[in-house]
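Working notes, beginning with the structure itself.
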Amino acid sequence: MLFMRTFAIMKEEQLKSILHDGGKKIAIVTHKNPDGDALGSSLGLAGILSGAGHTVQVITPNDYPSFLKWLPGEKSVWKYEWARGRSERFLAGADYIFCLDFNDMSRIEALAGPVEASPAQKILIDHHIAPTVDAAYVYSDEEMIATAQMVYHFAEKMDMLDYVNKDVATCLYTGILTDSGEFAFPKTSGVTHSVVAALMEKGVDNYDVYQHIYMNFTQSRILLLGKALSNMHIIGDSAALCMTLTQDELDECGFKKGDTEGFVNYGLTIRNINVSCIFIENRGEGIIKVSLRSKGKFSVNEMSRKFFNGGGHLNAAGGQMPTTDMAAVVDTFRRAVEFYKEDILSSND
Ligand SMILES: [Mn+2]
Numbered sequence: 000m001l002f003m004r005t006f007a008i009m010k011e012e013q014l015k016s017i018l019h020d021g022g023k024k025i026a027i028v029t030h031k032n033p034d035g036d037a038l039g040s041s042l043g044l045a046g047i048l049s050g051a052g053h054t055v056q057v058i059t060p061n062d063y064p065s066f067l068k069w070l071p072g073e074k075s076v077w078k079y080e081w082a083r084g085r086s087e088r089f090l091a092g093a094d095y096i097f098c099l100d101f102n103d104m105s106r107i108e109a110l111a112g113p114v115e116a117s118p119a120q121k122i123l124i125d126h127h128i129a130p131t132v133d134a135a136y137v138y139s140d141e142e143m144i145a146t147a148q149m150v151y152h153f154a155e156k157m158d159m160l161d162y163v164n165k166d167v168a169t170c171l172y173t174g175i176l177t178d179s180g181e182f183a184f185p186k187t188s189g190v191t192h193s194v195v196a197a198l199m200e201k202g203v204d205n206y207d208v209y210q211h212i213y214m215n216f217t218q219s220r221i222l223l224l225g226k227a228l229s230n231m232h233i234i235g236d237s238a239a240l241c242m243t244l245t246q247d248e249l250d251e252c253g254f255k256k257g258d259t260e261g262f263v264n265y266g267l268t269i270r271n272i273n274v275s276c277i278f279i280e281n282r283g284e285g286i287i288k289v290s291l292r293s294k295g296k297f298s299v300n301e302m303s304r305k306f307f308n309g310g311g312h313l314n315a316a317g318g319q320m321p322t323t324d325m326a327a328v329v330d331t332f333r334r335a336v337e338f339y340k341e342d343i344l345s346s347n348d
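Each step along the sequence shown adds one to the number in numbering that gives the first Met the number 0, with nothing skipped, and position 185 is 184.
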């Protein structure tokens, strides 16, 4: 809990009594391209708050991959890109808006307008570095492996653990499972495991969750993984590599949303590779999306901020380049690797 920050206009006790007094209109929003943690933490919190008698609506900026389309409560989610009118009305009339799993309003893109315009008080629960979201109550802790774990701690603080039923537990478990890389990433702690134990006591079927998330791939995903791996190359004599997927390759393989999720991690499975990167073209938007991962102390967050218009965590970051010139972007990566060469080589020592 060393880096935990809960500061605020609103005191914890005050928030607790508000949340225990049902009948509030509460929106929960999360970041664009929701992943297992974004959606799992949002639906878990939604279950807790509706259990306490509130009217709750989860709104995502856009759609999410099909391997998440089984989570309890998922069918009631509004995707802003397809439900602008009712989302805007709900947000305008909401008493409170929970902002989950993002640190900056730019992460919810077009949804930022109606969220910021709403008179509702904002409550932030998030584990990304240095949040800038202007909220009345902030629970920010970059040491946490997942926002879903924080939702459990939040429920604990708010005295609302009674509302953590099997469905809520399944959503929170999914968030922790996916954001922790199946409990492998460094910020997975003893506390994480004790939360997971409590969730399993509520009836989570871990085998079933695993089947939905990891044994449920599209054929196009595996074709694309083959492409990405065959395009993989190590940069000079560094400990960094990159993979690429062009729009033509995506089209050829029948790309569907979410297909390339996690590809970047394969690079790090190679011995002595400390930085892995994947570049994926989106011709429609005229950009190349960047995902970066590292082993050890090298900060891909810093690399992304400096070279790829993005950021994220120490060992996992994203970014994007305003071009579809893949060769040029790979060249930028080459320069970035050259710039940080010594740090990358010694990252995992
Ligand atoms: Mn997360």
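We put the beta carbon where it would ideally sit given N, CA and C, even for glycine.
Exercise. So is the beta-carbon of H152 under 7 angstroms away from any non-hydrogen atom of ligand 1?
Worked result: It does not: the Cβ of H152 is nowhere closer than 7 angstroms to a heavy atom of ligand 1.
Problem set entry | Range covered by the beta strand (DSSP E) that runs through R106 | Where R106 is concerned, there is no enclosing beta strand (DSSP E), given that its DSSP letter is neither H nor E.
Exercise. Whose C-alpha, out of D125, I286, W81, D236, is nearest the C-alpha of A145?
Worked result: For A145, the nearest C-alpha among the options comes from D125.
Exercise. Ends of the beta strand (DSSP E) at R282?
Worked result: That residue, R282, is in no beta strand (DSSP E); it is neither H nor E in DSSP.
For this session: Buried or exposed for F2, please, with buried defined as at least 16 other CB atoms from any protein chain shown within 10 angstroms of its CB.
Result: Reliability fails at F2, whose pLDDT of 47 lies under 50, so the model's placement of it is uncertain and the value that follows must be treated cautiously. The residue is exposed, with fewer than 16 neighbouring Cβ atoms inside 10 Å.
For this session: Answer with buried or exposed for Q56, where buried requires no fewer than 16 other C-beta atoms within 10 angstroms of its C-beta.
Result: With at least 16 other beta carbons inside 10 angstroms of its own, Q56 counts as buried.
Exercise. Does ligand 1 have even one heavy atom less than 7 angstroms from the beta-carbon of T217?
Worked result: Not one heavy atom of ligand 1 lies closer than 7 angstroms to the C-beta of T217.
For this session: For M0, I'd like the list of residues in its chain whose CB is within less than 8 angstroms of its CB, leaving aside the five on either flank, ordered along the chain.
Result: Any answer about M0 is weak, because its pLDDT of 40 lies below 50 and its placement is not dependable; what the coordinates show is given next. Here the set comprises D140, E142.
Problem set entry | Helix, strand or coil at W69 [DSSP, three-state] | Correct three-state label for W69: coil.
Exercise. Comparing the CB of H312 with every heavy atom of ligand 1, is any distance shorter than 7 angstroms?
Worked result: Taken from the Cβ of H312, every heavy atom of ligand 1 lies 7 angstroms or farther away.
For this session: Please classify K121: does DSSP put it in a helix, a strand, or coil?
Result: Residue state for K121 is assigned as strand, using DSSP reduced to three classes.
For this session: For A315, name the three-state secondary structure that DSSP assigns.
Result: Residue state for A315 is assigned as strand, using DSSP reduced to three classes.
Exercise. For the beta strand (DSSP E) that contains K24, what are its first and last residues?
Worked result: Going by DSSP, K24 is part of the beta strand (DSSP E) stretching over 24-29.
Problem set entry | Pick from Y209, I175, V208, D204 that is closest to S193, judged by C-alpha positions | Nearest option by C-alpha distance: I175.
Problem set entry | Three-state secondary structure (DSSP) of V289 | For V289, the three-state secondary structure derived from DSSP is strand.
Exercise. How about S86 and Y95: are their beta carbons less than 8 angstroms apart?
Worked result: If you check the CB distance, S86 and Y95 do not come in under 8 angstroms.
Exercise. Where does H232 sit, in a helix, a strand or coil, going by DSSP?
Worked result: Secondary structure of H232 (DSSP, three-state): strand.
Exercise. For F332, does the three-state DSSP call read helix, strand or coil?
Worked result: Here F332 sits in helix by DSSP.
Exercise. Distance, Cα to Cα, D103 vs T131?
Worked result: Between D103 and T131, the alpha-carbon positions lie close to 5 angstroms from each other.
For this session: Tell me the start and end of each unbroken alpha helix (DSSP H) in the segment 107-168 that is at least 4 residues and wholly inside, in chain order.
Result: Complete alpha helix (DSSP H) runs here, min 4: 111-116, 146-156.
Exercise. Does ligand 1 have a heavy atom nearer than 7 angstroms to the CB of T187?
Worked result: Because no heavy atom of ligand 1 lies under 7 angstroms away, the Cβ of T187 does not count as near it: no.
Problem set entry | Of the listed residues I25, T331, Q120, N271, nearest to S49 (C-alpha basis) | Per the Cα distances, I25.
Problem set entry | Contact the segment 154-165 vs the segment 32-40: 3+ CB pairs below 8 angstroms | Cβ pair count under 8 angstroms is below three, so no.
For this session: Verify the contact flag: A335, CB atom, against every heavy atom of ligand 1, threshold strictly below 7 angstroms.
Result: No heavy atom of ligand 1 is found nearer than 7 angstroms to the CB of A335.
Exercise. Among D324, F97, G46, which residue has its Cα nearest to the Cα of L14?
Worked result: Of the candidates D324, F97, G46, F97 places its Cα closest to the Cα of L14.
Problem set entry | T146 beta carbon near ligand 1 (any heavy atom closer than 7 angstroms) | Yes, the Cβ of T146 comes within 7 angstroms of a heavy atom of ligand 1.
Exercise. Using the C-alpha atoms, what's the distance from R270 back to N347?
Worked result: One C-alpha to the other measures close to 11 angstroms.
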